[in-house]
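Residue 44 is where the sequence shown starts when you use our numbering, and the numbers rise one by one after that.
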Amino acid sequence: MLIDWEQIILIVLGSSVIATLVTKSFDWLSEKGKKKEKEYQKLYAPLKFYLSCFESVIENKNQIIELSEREIPIDERE
């Protein structure tokens, strides 16, 4: 059972078409993922920034309260 040239050409063309379709589908899906990632960054990056600022403000406030509650020894020489 030999394969003639017409069948070889059809196999090559068919596999090329399938490879092209798979590549285009993958490109479309990756572009869609990148677009979602950009939207996510655009929406949530400022929120994350302000939350981290808020956390540091709370941490600083707690440190100030903790330091203000400490008893400071009075030097008796003065």
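Glycine included, every Cβ here is placed at the ideal spot set by N, Cα and C.
- L64 carries a helical assignment under DSSP once its states are collapsed to helix, strand and coil.
- When the Cα atoms are used, T63 and F69 turn out to be separated by approximately 10 Å.
- Rounded to the nearest angstrom, the gap between the Cα atoms of L45 and I51 is 11 Å.
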